[in-house]
Ligand SMILES: Nc1ncnc2c1ncn2[C@@H]1O[C@H](COP(=O)(O)OP(=O)(O)OP(=O)(O)O)[C@@H](O)[C@H]1O
Ligand SMILES: Nc1ncnc2c1ncn2[C@@H]1O[C@H](COP(=O)(O)OP(=O)(O)OP(=O)(O)O)[C@@H](O)[C@H]1O
Ligand SMILES: [Mg+2]
Ligand SMILES: [Mg+2]
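Residue numbers (my numbering), protein chains in the order written: chain A, 1 to 277; chain B, 1 to 277; chain C, 1 to 255; chain D, 1 to 255; chain E, 1 to 312.
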């Protein structure tokens, strides 16, 4: 450091080297580009198609995308797609709504009462990680081979993550806001309704995102049990018949279903969480 | 409000009503109690056992916990447990480590480079929600029926959530710290190594927690493919034979496995994230 | 209504936080509580408002609050504590709804407090659209809506930048000149204390004890006209606290 | 080494943030930049340190930085920017490692800067164990370790409570008296500006323009002895800014 | 020696593999055999397609046809067949359905039928029943339940009306009163239930090896038929063979508990691994008609008749 007693400069600007300060910022900010993704997917599919056409990829290993698309169009044209979708969406809706309503109630209890939390949290921790396919035989016995067991599989799958999301969300509501409510003598139920629930809404919505994906993932497992129609049943049949084109088409339908649900929840977030900074 | 011109009180304390200020705080802070959980579980199991003993719960619907425990002890005494665990743990370890290493590399790329992010993020979004059981036939064809396909199932299952956790973690590293690094002329690789990776560690560890649960959940699916030994295979066989006691024992083993892994990661968090406030 | 703190002591588990605090908040007065970081100021304010209970001693209400007061002891928080999902009007109506005040009755009150805090144009804005100073003004409006007998303010200005703080301090003084509200004002900013307080209670570091109670006799409206006198009071307070502040700063937290 | 800001203007997308800023930072001087919230002070400081590039104009280095300076333009940030996973020593060694300084050489430097910032006893502490004031002292020690030719400080005290701020201001003055460092100090606290600045650059609200440049001729060490003079300067600055601050405060953000 | 891998299931019907292995018939032909065990039949065909194993025995399923169509596998001989007088698949009705009048296979029209998966042999058996009795599977409610265990559970609890199952399991169910026998698959006509198959590459590039395999395997079949086909003829030999089979089947049960099941499960196996090509053609046609097999698959593509006799 310059060792001066008074704050003046030693060098006259004219005599000294003048150069801009070196730039050292930028980077470390990758952005989801609108261009890269389409190009990437087009490239991927072209390579895949070419690979199949030229025989680099054996049809046993992977069907050409065009074949999978053909299988999909067959499904559309035969009118089967509607039947499959109808069956699956009904199961998804019933199971997800059921699991969500129960999960909300139980999660809220765990978020508000010490006693409930003590029972619920370890229970959920123990049951959440159990693979639902392992329980299929149990579900068959409990709920039979009709719609009930399929809905139950999805309900079970969505219940636990919803409970976790709800009590996590309640825990994360700013205690300052709750204290504010108390300081204005708001009633208990007012605090829950006007402060805790809206405050937990962001966590709830992202919980819904997760539970919806889980529900879709469980569709295949659920439709293992005596389902005639359903996207999961269609995929299972394709797997049985080693019909890779149909398998890929079915998986693509599930994937699209997942993306649509995720988009819907994104819209809901935009609308209901407008207030977020 | 008292309409006074000078700050003095109108009332003499002796004449006025004296009472403590009303209490209106407390509540809204449920705690995981050390007492409730054990009591709850003991109660649950006793009721269940009693229900089975007295015939309220049919053994077809649910075995008594004691029977499930007996099945577990049979497994231990026959020495089969070790074989099953050995097989499953090997698959879990290989699949999880493979998926994690790949996921780290790909996720880091997505977290650092715009081009990589553009390709990886939509790819992951499209593939993550695909149920792995739907892909089992594909895996068998790609990787055969040996250990490879089982490991691949788990690897696939852990890869995608790891990617998401890693690039999410990198995104959430305080940009202020990165800017600080740049302002001190730290090299690109130094910033990645000394700022971004440690900063993303909390997110990585909670990603590991998720990917480990997924790996355990996928064990059953993975061992659907011609596995002789393995907890998943044991459960599948029990389901096949409708041996509910063995089924419950197997599911309990998975649950314990999940809890152990979660505990391990909790320890790792305690050790590696000591620095967190 | 006066408030009397009667031998208040408190400990969280093994940590003694407050030690035998005694003082009175007289109606129409602003009492400032100052003290170094972590000495228990916020805790004390929570006791005064009945949000928490001290292990020893009690806070007494002497006299009844005015009948029209909906919420005699009303807080204004450092972080504003506005519901981000409600508009400015919605945030104020929140504290009226539970008293059954809705519709035009509520509108009248809301319009009145918005006018008094110069917020009339911002009724429909969401908190995220407001600067920090505006948010705190909304919190003040909300507090006024329930006609408090005593305002309890926990560092209401310390989340604001110093220019906004200056502006809001003027507003608080103006408001007091008009309404003569009672207040207990916690801060560690000595300048705020000498600008706003009729009486300043100085706490020691943890466990907080009353070190001194300083009366400032200059009328609020005249304080800016006597910068030297104020500076003198401020320096007196700073000398009382300097070493404590330094020591508090050097303490290792949960080492 | 002096720094010259040469006709700097900047816009983020459609928002003009800075408008034709010109001034010089002379070696050995502390320049304070003040202005209302959002007027572009932080942006300007990023340009000076080369972390971002303005759309127009440039920042020039006049003369070479001293040879021993490892990082001529060194920041001290409002939020301290310490790596929470490194100890105090580790945080300082971080900025030396990339210059190949390790082992005893590094230890010597670290011990020296810790001593100068009165932190010698805290080398092994983690940031989470330190109070805000201590953390900022660590950030200052880290900055000193690379022997900067100019310190760039972005509201270094505004995250601290006012008592700690007072203490740290004293420390910064003491340090300047010993080392005569060059600094560009951004703040919106006018009191800090008149206590620390040899020269105060006043910016208007967004888009930031230079409204005035005020020299304060009282030597730093004597400033507390002339409270009236300081108050006068501060009042002058406050009068320059009052209306702007009020207007900035009233602005609705991304309505 | 040629190293080969055989995919096997731990079923009594796979006994010839174990016999030929244990008695050294493969060794005699210069084949160094490794047995690889599977939990289900379907993956055996896939494993041949993926090159994991060389030979397998399974039922004709939709997946198998699909792999054959892609040129991955070829049928080279016959194995288990339904033949009058031998134990074979039994058609069971649930007690409730039986009481309600489901007493013969002809009554199955409009009833529900449990099977593992669509395109499985259980599915085909439903097709056989339907065709024989003048209706189609569309007139039945087919319930794919993935696992035999689930099928049994569903039948026991009356959630499905009927199913078909291997004889020794059927015997247990009927004896325990859990279900009623209403017919046998063998009474519906010829049915080549399982076949021996290998990869197309083996049939083209290693014909000699395949031939040697078939010779050894046929010996195993012959031994099995000789002893288990008429178990009363030579009880000592029967017990010895049960011992041999028990090394591989029902290993988790003690011998005395396993023996009855092994004996009861002695189904008919085609002598000399002869293949009923006519029935194979019929099966293929049925699968194709029901969209369970690719239309482009022909019998030539499916079967290589160079390695075993064909009947019919
Ligand atoms: N709920 C609590 N449980 C345990 N300890 C607490 C709790 N609340 C506060 N403390 C501790 O009590 C002491 C006093 O806290 P308090 O917040 O009242 O101090 P303060 O004077 O308001 O400090 P500051 O100036 O930082 O706002 C601190 O040491 C704090 O860590
Ligand atoms: N990276 C960015 N992209 C877009 N706009 C930005 C960016 N950084 C800052 N701005 C905008 O530029 C303006 C100036 O920001 P800046 O942070 O420089 O102001 P400031 O004077 O430091 O404010 P404060 O006093 O609040 O710290 C603000 O309106 C801000 O919203
Ligand atoms: Mg406080
Ligand atoms: Mg700034």
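Glycine included, every Cβ here is placed at the ideal spot set by N, Cα and C.
Proximal residues of chain D, C-beta to C-beta of residue i below 7 Å
i: residue 275 of chain B; result: 84, 85, 126, 128
i: residue 271 of chain B; result: By Cβ distance, chain D contributes nothing, its closest Cβ being about 12 Å from residue 271 of chain B, past 7 Å.
CB contact below 8 Å: residue i versus chain G
i: residue 60 of chain C; result: The chain inventory of the structure shown lacks chain G, comprising the protein chains A, B, C, D and E.
Range covered by the beta strand (DSSP E) that runs through residue i
i: residue 189 of chain D; result: Residue 189 of chain D -> no beta strand (DSSP E), and no H or E assigned at all.
i: residue 20 of chain D; result: 15–25
i: residue 91 of chain E; result: 90–94
i: residue 12 of chain D; result: 2–12
i: residue 20 of chain B; result: 18–20
i: residue 256 of chain C; result: This structure cannot settle anything about residue 256 of chain C, because the visible part of chain C is limited to 1 through 255.
i: residue 58 of chain E; result: 55–59
i: residue 269 of chain C; result: Not covered by the structure: residue 269 of chain C. The range shown for chain C is 1 to 255.
i: residue 273 of chain E; result: No beta strand (DSSP E) holds residue 273 of chain E; DSSP gives it neither H nor E.
8 Å Cβ cut-off: residues of chain D touching residue i
i: residue 164 of chain C; result: 37, 245, 249
i: residue 180 of chain B; result: 75, 77, 81
i: residue 103 of chain A; result: Here the premise fails: no neighbours, minimum Cβ distance about 35 Å.
i: residue 190 of chain C; result: 162, 163
i: residue 241 of chain C; result: 163
Within chain B, the residues that residue i reaches when beta carbons sit closer than 9 Å
i: residue 283 of chain E; result: The contacting residues do not exist; residue 283 of chain E stays about 22 Å from chain B at best.
Residue i: contacting residues in chain C (beta-carbon distance under 9 Å)
i: residue 186 of chain A; result: 94, 95, 97, 98
Where residue i meets chain C, residues with beta-carbon distance less than 8 Å
i: residue 63 of chain D; result: Simply none; closest approach about 35 Å.
i: residue 198 of chain A; result: 83, 85
Where the alpha helix (DSSP H) through residue i begins and ends
i: residue 247 of chain D; result: 227–250
i: residue 246 of chain A; result: 244–272
i: residue 147 of chain B; result: 147–171
i: residue 181 of chain E; result: Segment 179–184 is the beta strand (DSSP E) holding residue 181 of chain E; no alpha helix (DSSP H) there.
i: residue 288 of chain E; result: 277–289
Residues that residue i contacts on chain A, provided the C-beta gap is smaller than 8 Å
i: residue 146 of chain C; result: 184
Contacts that residue i makes with chain B (C-beta to C-beta distance below 7 Å)
i: residue 151 of chain D; result: Result: empty, since nearest Cβ-Cβ is about 11 Å, beyond 7 Å.
i: residue 62 of chain E; result: The contacting residues do not exist; residue 62 of chain E stays about 12 Å from chain B at best.
Beta-carbon neighbours of residue i, restricted to chain A and to distances below 9 Å
i: residue 296 of chain E; result: Those within 9 Å of residue 296 of chain E in chain A number zero; the least Cβ separation is about 12 Å.
i: residue 48 of chain D; result: 21
Beta-carbon neighbours of residue i, restricted to chain B and to distances below 8 Å
i: residue 53 of chain C; result: 23, 25
Touching or not, the stretch 44–53 of chain D and the stretch 5–14 of chain D, by the rule of three or more beta carbon pairs under 8 Å? yes
Ignoring anything shorter than 3 residues, give me the beta strand (DSSP E) runs that lie fully in the stretch 190–224 of chain E, in order along the chain. 194–199
Indicate whether the contact test is met: 3 or more Cβ pairs, each with one atom in the stretch 97–114 of chain E and one in the stretch 163–183 of chain E, closer than 8 Å. yes
What are the uninterrupted segments assigned as alpha helix (DSSP H) that are 4 or more residues long and contained completely in the stretch 35–123 of chain A, given in chain order? 36–53, 65–77, 80–112
Between the stretch 174–192 of chain C and the stretch 156–164 of chain D, do three or more beta carbon pairs fall short of 8 Å? yes
In chain order, what residues place their C-beta within less than 5 Å of a heavy atom belonging to ligand 1? Any residue whose Cβ sits closer than 5 Å to a heavy atom of ligand 1 makes the list: C:12, C:17, C:37, C:38, C:39, C:40, C:41, C:42, C:43.
Beta strand (DSSP E) runs wholly inside the stretch 3–42 of chain E, at least 3 long, in chain order: 31–38
Completely contained alpha helix (DSSP H) runs for the stretch 107–168 of chain C, where each covers 4 or more residues: 132–145
Using 8 Å as the threshold, is the stretch 210–229 of chain B in touch with the stretch 139–158 of chain B, meaning 3 or more CB pairs across them? yes
Write down every uninterrupted run of the alpha helix (DSSP H) in the stretch 170–225 of chain D whose length is 4 residues or greater and which is fully enclosed by it, in chain order. Entirely contained in the stretch 170–225 of chain D, the alpha helix (DSSP H) runs reaching 4 residues are, in chain order, 190–196.
Between the stretch 147–160 of chain E and the stretch 186–194 of chain E, do three or more beta carbon pairs fall short of 8 Å? no
May I ask you to verify whether the stretch 239–253 of chain B touches the stretch 193–204 of chain B, counting CB pairs closer than 8 Å and requiring at least 3? no
Inter-stretch contact at 8 Å, needing at least 3 Cβ pairs: the stretch 24–42 of chain E / the stretch 237–254 of chain D: no
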